[in-house]
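Participant:
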Amino acid sequence: MFVSRVHSAIYILLLTVLMGCGPWSLPEREFPVCDTPSAEIDRKANLLTVNFGLKLPNGDIDEVHWNFGDGQQKITTPPELSTTHTYSNPGSYTVTAILRNKCADEVEVVKSFEVSDVTLPLVSTGPATDIRISTATLPFTVSDNGRGSILRSGVCYSTSTREPFVGDPQSVSMTLPFVPLIGRPYSLSASNLKPNTLYYVRAFAENSAGIGYGDPVTFRTWALAGVTTETAITTKNSATVYMRIDSVGNPAATRYGICYSATNTLPTIDDATQPPTFTVVGSSIIVPLSALKPDTRYYYRAFAVNEAGVSYGLVQTLTTQTDVELDRGLIAYYPADNNAEDKSPNKLHGSLLNGATFTTDRNNRANAAFSFDGRNDYFEVPDNALLRPGTLSVGFWIKLTNRVTLTQQSLFTKSYWEDGEAEQYGAVLNQSAQQRPIDCLFGIKQNSDCKKGRGWQTVTGTSTRAPTSDWNHLLFCYEGQTLKIYLNGELLATETRLPLSNTIDDCRGGTLRFAAQSRADPQYLEGSIDDIRLYNRALLDSEIKALAKP
């Protein structure tokens, strides 16, 4: 009872005290505000050493508790939340990162991965062997697998990428179809290569660490030499054949020449062959053929031999002469085989002017005849004493593009281009009216004192066979007091009453032109001309017939 009264008194006393003190004033407390942390584990491995970090971090992260999965742990705090850890052994590991902040939030992030001590394989690129025009053998050796299994190995090559690699669109990759033995050399065969082309090659080998490459090496594929068969000048028992070396090939050719046969239409080096008198790249070279049969057709072509094989030019034909000697008295010979060179020993080379070019000849050989458009182009040879003979023969093959118009077309003339002065000789075609026969006029100058228009001595031949669409042979001859015109080996016209004998006025300085007369009166020719020959003598009928053979 006493205790109860005491408790009551104390309670009354405390209540009285508290009521007398007024209201309480307690201190305020602040609680932290945080964003929930989040992130992904990022890693970069270098063999057994791994750099761990956080990828895409978000929220507040004040501490990361790392558990590396091998019993080792580590805590990182800002500003460097990443860490590095080295494992004792390769294998599979699960890493845990607990993200914490000051609000006592915790988020656990987990990542599993493989730790490996595998390095890139070591591989060496060998020098290319068995190189040919379109193939080569490419050796390589895997010398170290990098402590990992080789997944694939081989070589890659390119013509443009100096260090070719697997997956390069400019490179070709070839893979060995089985796992290579370490230290043993292997080879792969590349095909469909381009001739005479530089290639870059690198060997490769791949394991779980990636692709290792060898040092690059280079090689160049082989190529046949390039040769062109050109024209021939024949006698009764011999011929002078021309050829051109366009390229020496790779490796360089060691043998050149002409192969020929009277029976084999496609002669090879197994038939008769003859080397050239000299070799030079890019120019015509001479190949003399001897011990030929008279009046015989031979098939011939240029050839070149190198390690890549035998290359040939196009086949051409020549026919030896019977009892005629077509090289006697020869001033100049222009076969028009893709050049304007004189193939006689005199070398009176000419020039194609104002766009004159080449076309197919009567034997269907490309670029083997002069072509003129009838507007402004022509063929010209500079003046030379040999072009001012006392007797003369001029012969050639001709095909007109269209029939001769009412105006003249010049076949050839010897005079100054600018004004037509210093005339010596010439020939023109003329058609007096539509659908009429064509006149062919040939003339030389005598007693003219080299004055323009004076002293012309002429002969005119008329033919209903116009040299149009078909090839025809024309030959003009002066000797003694006689002028003659031949068409396809047959005499067309003769004039025998010239005032002087074996004389053509020696008017110097004028050039020899075909398909044009002079600037003031050009008389351009529209058509084709081939195998032009000039002689300082009148040819015999048998020789003229020989030249007119198709």
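Counting the sequence shown from 1 gives a position; our numbering is that position plus 1.
Glycine included, every Cβ here is placed at the ideal spot set by N, Cα and C.
In three-state DSSP terms, what is Asp272?
Facilitator: Residue state, collapsed to three classes: coil.
Participant: Taking Cβ to Cβ, would you say Thr463 is nearer than 8 Å to Pro438?
Facilitator: Yes, the Cβ-Cβ distance between Thr463 and Pro438 is below 8 Å.
Participant: Would you report the Cα separation of Leu540 and Cys478, rounded to the nearest angstrom?
Facilitator: If you take the alpha carbons of Leu540 and Cys478, they lie about 7 Å apart.
Participant: Based on the DSSP secondary-structure assignment, which residues constitute the bridge partners of Thr504?
Facilitator: DSSP output for Thr504 lists no bridge partner at all.
Participant: Whose C-beta lies closer than 7 Å to the C-beta of Thr504 among residues of the same chain, with five residues either side of it excluded?
Facilitator: Once the five neighbours on either side are set aside, the close Cβ partners of Thr504 are Gly391 and Gln447.
Participant: Does DSSP put Ser5 in a helix, a strand or coil?
Facilitator: Its pLDDT being 48, under 50, Ser5 is placed unreliably in this model, and the value from its coordinates should be taken loosely. Helix at Ser5.
Participant: Alpha carbon to alpha carbon, what distance is there between Ala273 and Pro468?
Facilitator: With a pLDDT of only 49 at Pro468, under 50, the local geometry of the prediction cannot be trusted, and the value read off the model is given with reservation. About 38 Å.
Participant: Going straight from the alpha carbon of Pro122 to that of Ser174, what length do you get?
Facilitator: Rounded to whole angstroms, Pro122 to Ser174 spans 17 Å at the Cα level.
Participant: Whose C-alpha, out of Arg153, Leu493, Asn251 and Ile246, is nearest the C-alpha of Ala210?
Facilitator: Minimum Cα distance to Ala210 is reached at Arg153.
Participant: With DSSP as the reference, label Pro468 as helix, strand or coil.
Facilitator: Bear in mind that the predicted position of Pro468 carries a pLDDT of just 49, short of 50, making it unreliable; the figure below should be weighed with that in mind. If DSSP states are grouped into helix, strand and coil, Pro468 belongs with coil.
Participant: Kindly indicate which three-state DSSP category Ser543 falls into: helix, strand or coil?
Facilitator: Helix, per DSSP.
Participant: Flag this pair as touching only if the segment 211-229 and the segment 250-264 have three or more C-beta atom pairs under 8 Å; answer yes or no.
Facilitator: Flag = yes, the segment 211-229 and the segment 250-264 touch.
Participant: Which whole runs of the beta strand (DSSP E) in the segment 303-343 are 3 residues long or more, in chain order?
Facilitator: Counting only runs of 3 or more, we get 310-313, 317-320 and 331-335.
Participant: At 3 residues or longer, what runs of the beta strand (DSSP E) sit wholly inside the segment 138-206?
Facilitator: Entirely contained in the segment 138-206, the beta strand (DSSP E) runs reaching 3 residues are, in chain order, 153-159, 173-176 and 186-191.
Participant: May I have the straight-line CA-CA distance separating Ala547 from Tyr301, to the nearest angstrom?
Facilitator: Straight-line Cα distance between these residues: approximately 20 Å.
Participant: Closer than 8 Å, CB to CB, is Thr497 near chain D or not?
Facilitator: Among the protein chains of the structure shown there is no chain D, as only one such chain exists.
Participant: Excluding sequence positions up to five away, which residues of its chain have a Cβ less than 6 Å from the Cβ of Ala305?
Facilitator: These residues qualify, in order along the chain: Ala226, Val228, Ala254, Tyr257 and Ser312.
Participant: According to the neighbour-count rule (16 or more other Cβ atoms, all chains shown, within 10 Å of its Cβ), is Thr323 buried or exposed?
Facilitator: Flag for Thr323 reads exposed.
Participant: Taking the beta carbon of Ala1 as the centre, do at least 16 other beta carbons fall within 10 Å, making it buried, or is it exposed?
Facilitator: Nothing about residue 1 can be read from this structure; the chain reaches only from 2 to 551.
Participant: Where do the N-terminal and C-terminal ends of the beta strand (DSSP E) with Gly444 fall, by residue?
Facilitator: That run of the beta strand (DSSP E) goes Ile439 to Lys446.
Participant: Is Pro551 helix, strand or coil by DSSP?
Facilitator: Correct three-state label for Pro551: coil.
Participant: With DSSP as the reference, label Leu387 as helix, strand or coil.
Facilitator: Of the three classes helix, strand and coil, the one that applies to Leu387 here is helix, per DSSP.
Participant: Asn47 to Thr176, Cα distance in whole Å?
Facilitator: Taking the straight line from one Cα to the other gives about 28 Å.
Participant: So, is Ile486 buried or exposed, given that buried needs 16 or more other C-beta atoms within 10 angstroms?
Facilitator: Result: buried.
Participant: Taking 8 Å as the cut-off, decide whether the C-beta atoms of Thr162 and Thr235 are in contact.
Facilitator: Their beta carbons are not under 8 Å apart, which means Thr162 does not touch Thr235 by this criterion.
Participant: Determine the closest residue to Thr318 out of Thr358, Asn489, Arg363 and Ala309, with distance taken between C-alpha atoms.
Facilitator: Here the closest residue by C-alpha is Arg363.
Participant: Is it right to say Val281 is buried, meaning 16 or more other beta carbons lie within 10 angstroms of its own, or is it exposed?
Facilitator: Flag for Val281 reads exposed.
Participant: Should Ala333 go down as buried or exposed, given a rule of 16 or more other Cβ atoms within 10 Å for buried?
Facilitator: The residue in question, Ala333, is buried, as its Cβ has 16 or more Cβ neighbours within 10 Å.
Participant: Given that a residue counts as buried once 16 or more other Cβ atoms are within 10 Å of its Cβ, and exposed if not, what is Ser529?
Facilitator: Counting Cβ neighbours within 10 Å, Ser529 comes out buried, since at least 16 surround it.
Participant: Which word fits Asn489, buried or exposed, when buried means at least 16 other C-beta atoms lie within 10 angstroms of its C-beta?
Facilitator: By the 10 Å Cβ count, Asn489 comes out buried.
Participant: Would you mind giving the Cβ-Cβ distance between Ser172 and Ser159, rounded to the nearest angstrom? I have them listed as a contact below 8 Å.
Facilitator: Indeed, because the Cβ distance is near 4 Å, the residues count as touching under 8 Å.
Participant: Between the segment 327-344 and the segment 367-386, do at least 3 Cβ pairs fall closer than 8 Å?
Facilitator: Because the criterion of three Cβ pairs below 8 Å is met, the segment 327-344 and the segment 367-386 touch.
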